[in-house]
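J.: Please read through the structure below; I'll follow up with questions.
Numbering (this note's numbering), first residue to last: 7 to 215.
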């Protein structure tokens, strides 16, 4: 519409580069993924969408999900055995119930992230490894540790002390679930998770030895 109120038409040809759209609409060959190259966020999402319908074996590890690290490279997330999934679900349920009953308004992912952190996470922090790092307050490792003298326990002990409880993290409490030695017991939340107790007897009922 012109200034004087009359209408006029303009014939204009607009050039559109369809090559990018075509590339994005093409499925990836999942059997030939290059884990050494960088992927865009869009490509990462497309690959995970394809993995909803199949499982890959990479260096002897089965996976149907990737994460994206800060360099844009794909990080395969290993599938976990049924037994571990049952434990994870129970731990999550106990944490989620405590979160509701005590009105914490935090977020439970088999770790506990306080509400004030959860509400301020960016899209990148929620969906990829590109965002600024953040830490939960409480974290649980689900792994089969035969005894405190095993190599696996020593590795886990180092992980807790040097990674989880590093002074730069906000993690204040952590625990290992599925320990098979005699002194395993309920985990008290202390001042970090006031009023919370992880009841291992409920886990033992679900997972026979």
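The beta-carbon is built from N, C-alpha and C at its ideal position, and this holds for glycine as well.
Note down, in chain order, each residue of its chain lying with its Cβ closer than 7 Å to the Cβ of residue 77, except the 5 sequence neighbours on either side.
T.: Sequence index remark: in the chain shown, residue 77 carries index 71 (1-based). So the qualifying residues of the chain are 44.
J.: Could you check where the alpha helix (DSSP H) with residue 47 kicks off and where it finishes?
T.: Numbered from 1 along the chain shown, position 41 holds the residue referred to as residue 47. Unbroken alpha helix (DSSP H) run through residue 47: 47-56.
J.: If you reduce the DSSP assignment to three classes, tell me which class residue 95 lands in.
T.: The residue you call residue 95 lines up with position 89 of the chain shown. It is helical.
J.: How about residue 217 and residue 79: do their beta carbons lie closer than 9 Å?
T.: With the chain represented from 7 up to 215, any question about residue 217 goes unanswered, as that position is not in the structure.
J.: Thinking just about the alpha-carbon of each residue, which of 72, 159 and 56 is nearest to the one in residue 84?
T.: Position 78 of the chain shown, counted from the start, is the residue given in the question as residue 84. Considering only alpha carbons, the answer is 72.
J.: Mapping DSSP to helix, strand and coil, what is residue 171?
T.: Numbered from its first residue, the chain shown carries residue 171 at position 165. It is coil, neither helix nor strand.
J.: Just how far apart, CA to CA, sit residue 200 and residue 179?
T.: Within the chain shown, residue 200 is the residue found at index 194, counting from 1. Within the chain shown, residue 179 is the residue found at index 173, counting from 1. Each residue's alpha carbon lies about 12 Å from the other.
J.: Where residue 33 and residue 53 are concerned, what is the direct C-alpha to C-alpha distance, given to the nearest angstrom?
T.: Position 27 of the chain shown holds residue 33. Position 47 of the chain shown holds residue 53. Using only the alpha carbons, I get a separation of about 8 Å.
J.: DSSP beta-bridge partners for residue 69?
T.: For this step, residue 69 is matched to residue 63 along the chain shown. For residue 69, which the question treats as bridged, DSSP gives the partners 62 and 84.
J.: Considering just the uninterrupted stretch of the beta strand (DSSP E) at residue 144, what are its terminal residues?
T.: Residue 144 sits at position 138 when you count from the first residue of the chain shown. Residue 144 -> beta strand (DSSP E) spans 144-151.
J.: Expressed to the nearest angstrom, what Euclidean distance is found between the alpha-carbon atoms of residue 198 and residue 173?
T.: Position 192 of the chain shown holds residue 198. Position 167 of the chain shown holds residue 173. Approximately 16 Å, taken between the alpha carbons.
J.: In terms of residues, what are the limits of the alpha helix (DSSP H) holding residue 212?
T.: To locate residue 212, count along the chain shown from 1; it is residue 206. Unbroken alpha helix (DSSP H) run through residue 212: 206-212.
J.: What did DSSP end up calling residue 101 once you bin it into helix, strand or coil?
T.: Within the chain shown, numbered from 1, the residue matching residue 101 stands at position 95. If DSSP states are grouped into helix, strand and coil, residue 101 belongs with the helices.
J.: According to DSSP, is residue 196 part of a helix, a strand, or is it coil?
T.: Residue numbering aside, residue 196 sits at position 190 when the chain shown is read from its first letter. The answer is coil: DSSP assigns residue 196 none of H, G, I, E or B.
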